[in-house]
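Novice: Going down the list, the protein sequences come from chains A and B. For the first sequence, position 412 matches number 411 in numbering that gives the first Met the number 0, and the numbering has no gaps at all. For the second sequence, position 15 matches number 14 in numbering that gives the first Met the number 0, and the numbering has no gaps at all. For every residue, glycine included, the Cβ atom is placed at its ideal position computed from N, Cα and C.
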Amino acid sequence: MEHKDFFFKRLEEYGGSTALVTAQEEIVTYGELTKRADLLAREIGRRCLIFLACRNAAESVIGYAACLRNNIVPVMVSADIDAGLLENLMDRYHPAYLWAPAENGVFSGEAVYRDQGYVLKKTGLSEDYVLGADLALLLTTSGSTGSPKLVRQTWKNIQSNTDAIIEYLGIVPEDRAITTLPMNYTYGLSILNTHLSMGARMILTDATLLEKSFWTLFRNQGATTFGGVPYTYEILKKLRFGRMQLPSLRYITQAGGKLSKELAEEFNTICGEKGIRLIVMYGQTEATARMSWLPWKDAARKAGSIGIAIPGGRFALINADGAEIRKAGEVGELVYRGGNVTPGYAESRMDLAKPDENQGELHTGDMAKRDEDGFYYVVGRKKRFLKLFGNRVNLDEVEGLLKKEGIENVCAGRDDRMVVFLTDPEKEGAAAEFLTQHTGISRGGFVIRRIDEIPRNDSGKVLYSALEIE
Amino acid sequence: MREINIMTNLEKYNEAFTTTFGIGQDALEELEYQGIAAWDSVGHMQLIAALEEAFDIMFDTDDIIDLNSYKVGKQMLAKYEMEI
Numbered sequence: 000m001e002h003k004d005f006f007f008k009r010l011e012e013y014g015g016s017t018a019l020v021t022a023q024e025e026i027v028t029y030g031e032l033t034k035r036a037d038l039l040a041r042e043i044g045r046r047c048l049i050f051l052a053c054r055n056a057a058e059s060v061i062g063y064a065a066c067l068r069n070n071i072v073p074v075m076v077s078a079d080i081d082a083g084l085l086e087n088l089m090d091r092y093h094p095a096y097l098w099a100p101a102e103n104g105v106f107s108g109e110a111v112y113r114d115q116g117y118v119l120k121k122t123g124l125s126e127d128y129v130l131g132a133d134l135a136l137l138l139t140t141s142g143s144t145g146s147p148k149l150v151r152q153t154w155k156n157i158q159s160n161t162d163a164i165i166e167y168l169g170i171v172p173e174d175r176a177i178t179t180l181p182m183n184y185t186y187g188l189s190i191l192n193t194h195l196s197m198g199a200r201m202i203l204t205d206a207t208l209l210e211k212s213f214w215t216l217f218r219n220q221g222a223t224t225f226g227g228v229p230y231t232y233e234i235l236k237k238l239r240f241g242r243m244q245l246p247s248l249r250y251i252t253q254a255g256g257k258l259s260k261e262l263a264e265e266f267n268t269i270c271g272e273k274g275i276r277l278i279v280m281y282g283q284t285e286a287t288a289r290m291s292w293l294p295w296k297d298a299a300r301k302a303g304s305i306g307i308a309i310p311g312g313r314f315a316l317i318n319a320d321g322a323e324i325r326k327a328g329e330v331g332e333l334v335y336r337g338g339n340v341t342p343g344y345a346e347s348r349m350d351l352a353k354p355d356e357n358q359g360e361l362h363t364g365d366m367a368k369r370d371e372d373g374f375y376y377v378v379g380r381k382k383r384f385l386k387l388f389g390n391r392v393n394l395d396e397v398e399g400l401l402k403k404e405g406i407e408n409v410c411a412g413r414d415d416r417m418v419v420f421l422t423d424p425e426k427e428g429a430a431a432e433f434l435t436q437h438t439g440i441s442r443g444g445f446v447i448r449r450i451d452e453i454p455r456n457d458s459g460k461v462l463y464s465a466l467e468i469e
Numbered sequence: 000m001r002e003i004n005i006m007t008n009l010e011k012y013n014e015a016f017t018t019t020f021g022i023g024q025d026a027l028e029e030l031e032y033q034g035i036a037a038w039d040s041v042g043h044m045q046l047i048a049a050l051e052e053a054f055d056i057m058f059d060t061d062d063i064i065d066l067n068s069y070k071v072g073k074q075m076l077a078k079y080e081m082e083i
């Protein structure tokens, strides 16, 4: 496939079809989207690096399309990014431009162009680096702890994953997806990519499921699908999803962490009764977005499974020696091969021309097993990661950040519940404030517990198993 | 007897907010959804759970969404026959 056939470069072919519906219920057609995108790209004028401040708004999608249609490379960041983290990213990556909401003072530079609520700002930073030939965009890995490490994604990765997702979900031009996740998160972005690629409709809102305006927009616009992380499903349960009247809804997807068995069973039942398909999926930013899916026909009998590899992809399990495990039921590291495996990371602008370091093979860091029917089950992680409301959080990294603030601590926990253990009770407030203010971890995502002493073995290694997390 | 009950309900109501969000009594009167960092969507679900437990009730879908301030919540509880 040639670059000129990349779906973003052909979006104008959908002409008068509706591409976007805004939270104010204004319509943007594909013709208008591509025109406004190309005007912005003309202002930028060349292949360079920009920071795209993401919101679920038309201008944000226009900025994204401007980049992907015109070989401009965006770093996808939240419009609500912490000022310190943004400064760190700016220092490391030297973007030529910023595309951000006009009223957002955190993104500063000389304003050179405007499209409704967004402004293009020139940074004046030195462009002392090279962009790799296939590089299409950059995404953060965690979203939460504020690591400046980015995943490099190529246009071939995006095309490959988009095609596979459209195929297994059966996305059609009549679909209308409503946003529940941000564009700077790979899962949210994959929903946008797949619907644009099919000439389908995106309903854009930053409102959460807990706001009336979300459900009003949902009903007025007849949303047919949305995606959710496990926490989204906790909220839906609380909102008595089973009793809600949503006749337009055709199917929903779930990714971004494992749904508890009870929740999976409950939603399988509710969705079965309502005639809505629930598709459980698994993926990582390092694999563009998706690696596996659980077909709806298997949902009940394989509850708790991440399903099977997506079209064009393949899973294998390897043991500690790197040898492939062929027997069913044995646990090993999950390894994925496919066209959506990204070339690797970047830690600064000097890494943007790095070659393909993965060669289509991703070691996921997840420990998994396979059953006799070939369905995969994730059972744990190789390293100390948690998912907090869909965001991957590296516990060692959080410990390090707090230590840098002078707070002695160890972190442990499970998904949606991080426990921060402190030896100094007077540091409780400072720890909570630092985590909520500077890492974006939600206050409800962690609890703080005081311990007399950090448990360690003879060689000084922390004994995480001795910590009480419940 | 009735006096005591009224006090208890208000105390229970206040306590759901102060313990969920880790704030003092004086901050309650003007408190709104997303007005403080702790009252985000995660905090909201914790608050709903705390109130449901404290008063042994189940909120309707619309009420979970509508409960967007300390004041609104007070009025809402009247619907569930809780006098605050």
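Looking at C-alpha atoms only, which residue of A:V105, A:E407, A:R45 and A:E371 is the closest neighbour of I472 (chain A)?
Specialist: This structure gives no information on residue 472 (chain A), because the portion of chain A shown stretches from 0 to 469.
Novice: What does M44 (chain B) touch in chain A if you count any residue whose Cβ is under 9 Å from its own?
Specialist: Walking along the second sequence from the start, residue 44 (chain B) turns up at place 45. Here the neighbours are L209, Y230, E233, I234, K237 and G443.
Novice: Taking the alpha carbon of Y32 (chain B) as the point to measure from, which residue in A:P172, A:G123 and A:T207 has its own alpha carbon closest?
Specialist: Start at 1 with the first residue of the second sequence, and residue 32 (chain B) comes out as number 33. Answer by Cα proximity: A:T207.
Novice: Can you have a look at Q436 (chain A) and say buried or exposed, based on whether 16 or more other CB atoms are within 10 angstroms of its CB?
Specialist: Position 437 of the first sequence, counted from the start, is the residue given in the question as residue 436 (chain A). So Q436 (chain A) counts as exposed.
Novice: Starting from the C-beta of A78 (chain A), find all residues in its chain whose C-beta is less than 7 Å away, skip the five residues before and the five after it, and write them out in chain order.
Specialist: On the first sequence, residue 78 (chain A) is found 79 positions in, with the first residue counted as 1. Result list for A78 (chain A): A52, C53, R54, A99, P100 and N103, in chain order.
Novice: Within 10 Å of its beta-carbon, does E332 (chain A) have 16 or more other beta-carbons around it, so buried, or fewer, so exposed?
Specialist: Walking along the first sequence from the start, residue 332 (chain A) turns up at place 333. Under this definition E332 (chain A) is a buried residue.
Novice: Taking just the CA atoms, how far does N390 (chain A) sit from S291 (chain A)?
Specialist: Mapped onto the first sequence, residue 291 (chain A) falls at position 292. Mapped onto the first sequence, residue 390 (chain A) falls at position 391. If you take the alpha carbons of S291 (chain A) and N390 (chain A), they lie about 19 Å apart.
Novice: How would you list, in chain order, the residues of chain A whose beta-carbon sits under 8 Å from the beta-carbon of V71 (chain B)?
Specialist: Against the second sequence, residue 71 (chain B) aligns to sequence position 72. What V71 (chain B) touches in chain A: nothing, since even the nearest Cβ is about 12 Å away.
Novice: Report the residues of the segment 262-284 of chain A with a CB closer than 7 Å to any CB of chain B, ordered along the chain.
Specialist: Flagged: no residues at all.
Novice: Using a Cβ-Cβ cut-off of 8 Å, state whether G364 (chain A) counts as contacting chain B.
Specialist: Start at 1 with the first residue of the first sequence, and residue 364 (chain A) comes out as number 365. Chain B contact via Cβ: absent.
Novice: Quick check on the burial criterion: 16 or more other C-beta atoms within 10 angstroms. Buried or exposed for N408 (chain A)?
Specialist: Within the first sequence, the letter at position 409 stands for residue 408 (chain A). N408 (chain A) is buried by the Cβ-count criterion.
Novice: In the DSSP output, what is M75 (chain A) paired with across the bridge?
Specialist: Sequence index remark: in the first sequence, residue 75 (chain A) carries index 76 (1-based). Paired residue(s): A:L51 and A:L138.
Novice: Kindly indicate the opening and closing residues of the beta strand (DSSP E) around H362 (chain A).
Specialist: On the first sequence, residue 362 (chain A) is found 363 positions in, with the first residue counted as 1. Its beta strand (DSSP E) spans residues E360 to R369.
Novice: Is the segment 285-301 of chain A touching the segment 154-174 of chain A, taking contact as three or more C-beta pairs under 8 Å?
Specialist: Counting Cβ pairs under 8 Å, three or more are found: they touch.
Novice: Tell me whether M417 (chain A) sits in a helix, a strand or coil according to DSSP, three-state version.
Specialist: The residue labelled residue 417 (chain A) in the question sits at position 418 within the first sequence. In the structure shown, M417 (chain A) sits in a strand (DSSP, three-state: E or B).
Novice: Looking at the structure shown, is Q253 (chain A) part of a helix, part of a strand, or coil, going by DSSP?
Specialist: Position 254 of the first sequence holds residue 253 (chain A). Of the three classes helix, strand and coil, the one that applies to Q253 (chain A) here is strand, per DSSP.
Novice: Determine the burial state of L440 (chain A): buried for a count of at least 16 other Cβ atoms within 10 Å of its Cβ, exposed for fewer.
Specialist: As a first step, residue 440 (chain A) must be located in the first sequence, where it is residue number 441. The question names Leu, yet the displayed sequence has Ile at residue 440 (chain A). The residue in question, I440 (chain A), is buried, as its Cβ has 16 or more Cβ neighbours within 10 Å.
Novice: Any beta-carbon of chain B closer than 8 Å to the one on F388 (chain A)?
Specialist: For the purposes of this step, residue 388 (chain A) is taken as the residue at position 389 of the first sequence. Chain B contact via Cβ: present.
Novice: Can you find a C-beta in chain B that's less than 8 Å from the C-beta of T435 (chain A)?
Specialist: One-based indexing of the first sequence puts residue 435 (chain A) at position 436. Cβ-Cβ to chain B under 8 Å: yes for T435 (chain A).
Novice: With distances taken Cα to Cα, identify the nearest neighbour of Q244 (chain A) among A:E233, A:T215 and A:E265.
Specialist: Against the first sequence, residue 244 (chain A) aligns to sequence position 245. Measuring from the Cα of Q244 (chain A), the nearest candidate turns out to be A:T215.
Novice: Which value, in whole angstroms, describes the spacing of the CA atoms of G23 (chain B) and D451 (chain A)?
Specialist: Within the second sequence, numbered from 1, the residue matching residue 23 (chain B) stands at position 24. Within the first sequence, numbered from 1, the residue matching residue 451 (chain A) stands at position 452. About 27 Å.
Novice: Using 8 Å as the limit for Cβ to Cβ distance, is K3 (chain A) near chain B?
Specialist: Indexing the first sequence from 1 puts residue 3 (chain A) at position 4. So no, K3 (chain A) is outside the interface.
Novice: According to a CB-to-CB cut-off of less than 7 Å, which residues of the segment 42-57 of chain A neighbour chain B?
Specialist: Correct list: empty, as no residue qualifies.
Novice: What does a CB cutoff of less than 7 Å around P424 (chain A) pick up in its chain, not counting 5 residues either side in sequence?
Specialist: Locating residue 424 (chain A) in the first sequence gives position 425, where the first residue counts as 1. Once the five neighbours on either side are set aside, the close Cβ partners of P424 (chain A) are R449.
Novice: Measure the C-alpha to C-alpha separation of L114 (chain B) and M44 (chain B) and round it to an integer number of angstroms.
Specialist: Since the first residue shown for chain B is 0 and the last is 83, residue 114 (chain B) is missing from the structure and cannot be characterised.
Novice: Give the single residue among A:R442, A:A352, A:T179 and A:Y186 whose Cα lies nearest to the Cα of A222 (chain A).
Specialist: In the first sequence, the residue the question calls residue 222 (chain A) occupies position 223. Of the listed residues, the one whose Cα sits closest to A222 (chain A) is A:T179.
Novice: Of all the CB atoms in chain A, is at least one closer than 8 Å to the CB of I63 (chain B)?
Specialist: Sequence index remark: in the second sequence, residue 63 (chain B) carries index 64 (1-based). Yes, I63 (chain B) counts as interfacial toward chain A.
Novice: Can you give me, in chain order, the residues of the segment 17-28 of chain B that have a beta carbon less than 8 Å from any beta carbon in chain A?
Specialist: The residues in question are F20 and G21.
Novice: So which residues on chain B does R242 (chain A) lean against when the C-beta distance must stay under 8 Å?
Specialist: Here the question's residue 242 (chain A) lines up with position 243 in the first sequence. The contacting residues are T60.
Novice: If distances are taken between C-alpha atoms only, which option among A:T21, A:Q358 and A:D37 comes closest to E11 (chain A)?
Specialist: In the first sequence, residue 11 (chain A) corresponds to position 12, counting from 1. Nearest option by C-alpha distance: A:D37.
Novice: Would you kindly work out how many angstroms separate the C-alpha atoms of T17 (chain A) and P172 (chain A), rounded to a whole number?
Specialist: As a working mapping, residue 17 (chain A) is identified with position 18 in the first sequence. As a working mapping, residue 172 (chain A) is identified with position 173 in the first sequence. Approximately 10 Å between the Cα atoms of the pair.
Novice: Using the beta-carbon count (16 or more within 10 Å), is T7 (chain B) buried or exposed?
Specialist: Within the second sequence, the letter at position 8 stands for residue 7 (chain B). Burial call: exposed.
Novice: Any beta carbon from chain A within less than 8 Å of R1 (chain B)'s own beta carbon?
Specialist: On the second sequence, position 2 is the one that residue 1 (chain B) refers to. Its pLDDT being 49, under 50, R1 (chain B) is placed unreliably by the model, and the measurement read from it follows with that caveat. Not an interface residue.
Novice: List the whole-angstrom C-beta distance separating V74 (chain A) from L85 (chain A), where the pair is believed to meet the contact cut-off of C-beta under 8 Å.
Specialist: Within the first sequence, numbered from 1, the residue matching residue 74 (chain A) stands at position 75. Within the first sequence, numbered from 1, the residue matching residue 85 (chain A) stands at position 86. Not really, about 10 Å apart at Cβ, beyond 8 Å.
Novice: Below 8 Å on C-beta distance, what does A36 (chain B) contact in chain A?
Specialist: One-based indexing of the second sequence puts residue 36 (chain B) at position 37. The contacting residues are T435, Q436 and R442.
Novice: Taking F225 (chain A) and I177 (chain A) to be in contact with their CB atoms under 8 Å, please state how far apart those CB atoms are, rounded to whole angstroms.
Specialist: In the first sequence, the residue the question calls residue 225 (chain A) occupies position 226. In the first sequence, the residue the question calls residue 177 (chain A) occupies position 178. Yes, F225 (chain A) and I177 (chain A) are in contact; Cβ-Cβ is about 5 Å, under 8 Å.
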